[in-house]
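Notes follow once the structure below has been shown.
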Amino acid sequence: MQASTVGQSVAWGKVILFGEHAVVHGHPAIAFPLPQVGLTATATPSPGPLWLTVDIYDGPLASAPPMLAPLRATIIATLDLIGREPRNLHVTCIGDFPLERGLGSSAAGAASIVNAIADLTGDDLSRPVRHSLVQTGERVAHGNPSGLDAYTVLSRSPIWFQDGQAENIEVNLGAPIVVADSGQPGDTHSAVGAVTAMMRTNPEEVAGYFATIRDHTVAARENLLKDERATLGRRMNEVHEALRSLSVSSPHLDQLVYSAREAGALGAKLTGGGRGGCIIALARDAQHGQDLARSMEQAGALQTWILNPEEFEK
Ligand code: MEV
Numbered sequence: 000m001q002a003s004t005v006g007q008s009v010a011w012g013k014v015i016l017f018g019e020h021a022v023v024h025g026h027p028a029i030a031f032p033l034p035q036v037g038l039t040a041t042a043t044p045s046p047g048p049l050w051l052t053v054d055i056y057d058g059p060l061a062s063a064p065p066m067l068a069p070l071r072a073t074i075i076a077t078l079d080l081i082g083r084e085p086r087n088l089h090v091t092c093i094g095d096f097p098l099e100r101g102l103g104s105s106a107a108g109a110a111s112i113v114n115a116i117a118d119l120t121g122d123d124l125s126r127p128v129r130h131s132l133v134q135t136g137e138r139v140a141h142g143n144p145s146g147l148d149a150y151t152v153l154s155r156s157p158i159w160f161q162d163g164q165a166e167n168i169e170v171n172l173g174a175p176i177v178v179a180d181s182g183q184p185g186d187t188h189s190a191v192g193a194v195t196a197m198m199r200t201n202p203e204e205v206a207g208y209f210a211t212i213r214d215h216t217v218a219a220r221e222n223l224l225k226d227e228r229a230t231l232g233r234r235m236n237e238v239h240e241a242l243r244s245l246s247v248s249s250p251h252l253d254q255l256v257y258s259a260r261e262a263g264a265l266g267a268k269l270t271g272g273g274r275g276g277c278i279i280a281l282a283r284d285a286q287h288g289q290d291l292a293r294s295m296e297q298a299g300a301l302q303t304w305i306l307n308p309e310e311f312e313k
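The opening position of the sequence shown corresponds to residue 0 in numbering that gives the first Met the number 0, with each subsequent residue numbered one higher.
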């Protein structure tokens with residue numbers, strides 16, 4: 000790869016359709032990219048201390064607030080790997096990405112920065128190496144990340160993910176998915192920790208919830224291929240109940256999920272780490288997608304995005 004004078008890269012959001020939390024413990028998951036929210040990172044040579052500019056901070060990387068510790072870990076690991084001192088560099092990462100909403104902001108920030116630095120220096124980092132650099136930050140953010148987010152924020156296609164391996168899947172869903180932001184920050188770290196703690200205290204119960212989630216995830220792959228929307232919606236409802244039982248929902252998320260169903264969604268569930276963040280709701284068709292998004296905003300969603308699976312790369 001040739002070095003550039005300014006390194007630049009983009010990454011975008013993701014929504015998990017099926018399998019969050021269970022995926023941390025070896026079960027499969029299905030995730031879609033959410034291109035409506037994105038981040039652009041740049042890396043530019045600049046004399047002095049390593050400087051970071053993001054939406055919430057502009058200053059030396061070494062003095063960045065604790066919330067940026069994951070990004071810091073990824074930047075340091077990247078420079079270390081390519082044999083560069085952590086100075087004489089200005090890294091920026093700016094976008095319209097709502098933070099802590101289960102949409103993958105930490106992975107997208109890290110992935111775009113790794114790629115921008117590699118673009119600047121011309122280092123030819125393989126995809127697994129880039130992924131592991133993003134995972135360095137994700138471990139600081141989430142404790143025990145499955146790696147799903149790190150793949151999906153750089154993918155243009157739906158992803159099937161299990162045990163660290165990602166593959167693209169074919170989706171022929173002819174109806175949109177409405178993503179509705181509860182406006183409340185999620186807490187993936189504590190939610191993942193709570194599920195792991197529950198596995199210790201109630202192993203059989205948790206194994207049962209994971210089996211439910213896994214069975215729906217496996218079957219949903221076929222439903223997505225064949226555009227079996229009604230069945231898919233029913234699976235989303237059932238998985239939401241399993242996630243509630245795993246204590247990763249919240250009253251606000253439940254209320255949005257129930258409002259979506261009342262507004263005619265074929266199914267609705269929380270997405271991502273939970274305990275705040277976003278829900279996803281499956282519309283009946285394109286027109287209903289618009290109506291459903293409006294209903295979600297009337298029901299208290301801070302903002303909504305309409306995800307049209309027909310626009311994914313095949
Ligand atoms: C977070 O977006 C999804 C979780 O399954 C955690 C992970 O996969 O690392 C909750």
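Glycine is no exception: its CB is placed at the ideal position from the N, C-alpha and C atoms.
If you count every other CB in all the chains shown that lies within 10 Å of the CB of Ile55, and 16 or more means buried, which is it?
By one-based count along the sequence shown, residue 55 stands at place 56. Sixteen is the threshold: since fewer than 16 other Cβ atoms of the shown chains lie within 10 Å of the Cβ of Ile55, the residue is exposed.
Go through the region 219 to 299 residue by residue and report every complete run of the beta strand (DSSP E) that reaches 3 residues or more, in order.
Counting only runs of 3 or more, we get 266 to 270 and 277 to 281.
Please name the residue, chosen from Asn201, Asp148, Leu49 and Ser131, that lies closest to Ala106 on a Cα-to-Cα basis.
If you number the sequence shown from 1, residue 106 lands on position 107. Selected option, being the one with the closest Cα: Asp148.
Which residues bound the alpha helix (DSSP H) around Glu137?
Start at 1 with the first residue of the sequence shown, and residue 137 comes out as number 138. Secondary structure note for Glu137: its alpha helix (DSSP H) is the uninterrupted segment Arg126 to His141.
By DSSP, does Glu204 sit in helix, in strand, or in coil?
By 1-based counting over the sequence shown, the position of residue 204 is 205. Of the three classes helix, strand and coil, the one that applies to Glu204 here is helix, per DSSP.
Closer than 7 angstroms by C-beta to Val139: which residues in its own chain qualify, once you throw out the five before and the five after it? Chain order, please.
Mapped onto the sequence shown, residue 139 falls at position 140. Excluding residues within five positions, the ones whose Cβ falls inside 7 angstroms are Ala68, Pro69 and Ala72.
Based on DSSP bridge pairs, tell me the residues matched to His89.
As a working mapping, residue 89 is identified with position 90 in the sequence shown. Answer is Thr43 and Trp50.
If you check the beta carbons only, do Ser156 and Glu19 fall under 8 angstroms apart?
Position 157 of the sequence shown, counted from the start, is the residue given in the question as residue 156. Position 20 of the sequence shown, counted from the start, is the residue given in the question as residue 19. No, the Cβ-Cβ distance between Ser156 and Glu19 is not below 8 angstroms.
Thinking just about the alpha-carbon of each residue, which of Val194, Glu221 and Arg220 is nearest to the one in Phe209?
For the purposes of this step, residue 209 is taken as residue 210 along the sequence shown, with counting starting at 1. Restricting attention to Val194, Glu221 and Arg220, the CA atom closest to the CA of Phe209 is found in Val194.
Measure the CB-CB distance between Gly317 and Arg234 and report whether it falls below 8 angstroms.
Limits of the chain in this structure are 0 at one end and 313 at the other, which puts residue 317 out of reach.
Name the DSSP bridge partner or partners of Leu314?
Because the chain here runs from 0 to 313, residue 314 falls outside it and cannot be looked at.
Check whether Arg199 and Pro27 have beta carbons under 8 angstroms apart:
Looking up residue 199 in the sequence shown gives position 200. Looking up residue 27 in the sequence shown gives position 28. No, they are not a contact pair.
Take Ser258 and list the residues in its own chain whose beta-carbon comes closer than 6 angstroms to its own, dropping the five residues that flank it on each side.
Taking the sequence shown and counting its residues from 1, one reaches residue 258 at position 259. Correct list, in chain order: Ala298.
Contact test: Glu19 Cβ vs the ligand MEV heavy atom, cutoff 7 angstroms:
On the sequence shown, residue 19 is found 20 positions in, with the first residue counted as 1. Because some heavy atom of the ligand MEV lies under 7 angstroms away, the Cβ of Glu19 counts as near it: yes.
Terminal residues of the beta strand (DSSP E) in which Leu16 lies
For the purposes of this step, residue 16 is taken as residue 17 along the sequence shown, with counting starting at 1. Element bounds for Leu16: Gly6 to Phe17.
Quick check: is any heavy atom of the ligand MEV less than 7 angstroms from the C-beta of Ile15?
Taking the sequence shown and counting its residues from 1, the one referred to as residue 15 is at position 16. Yes - the ligand MEV has a heavy atom lying nearer than 7 angstroms to the Cβ of Ile15.
Would you mind working out which of Arg260, Thr216, Ser248 and Ala285 sits nearest Gly276, comparing C-alpha positions?
Numbered from its first residue, the sequence shown carries residue 276 at position 277. Cα-wise, what sits closest to Gly276 is Ser248.
According to DSSP, simplified to helix, strand and coil, what is Phe311?
The residue you call residue 311 lines up with position 312 of the sequence shown. Looking at Phe311 - three-state DSSP - the assignment turns out to be coil, as it is neither helix nor strand.
If you draw a straight line from the C-alpha of Gln183 to the C-alpha of Arg100, how long is it?
Residue mapping note: residue 183 aligns to position 184 of the sequence shown, counting from 1. Residue mapping note: residue 100 aligns to position 101 of the sequence shown, counting from 1. If you take the alpha carbons of Gln183 and Arg100, they lie about 7 angstroms apart.
According to DSSP, simplified to helix, strand and coil, what is Ala109?
On the sequence shown, residue 109 is found 110 positions in, with the first residue counted as 1. In the structure shown, Ala109 sits in a helix (DSSP, three-state: H, G or I).
Reference Phe160, options Gly192, Asp180 and Ile15, closest by Cα:
Here the question's residue 160 lines up with position 161 in the sequence shown. Cα-wise, what sits closest to Phe160 is Ile15.
Count the other C-beta atoms from every protein chain shown that fall within 10 angstroms of the C-beta of Leu224, then say buried if there are 16 or more, exposed otherwise.
As a position in the sequence shown, residue 224 is number 225, starting the count at 1. Exposed, since its Cβ has fewer than 16 Cβ neighbours within 10 Å.
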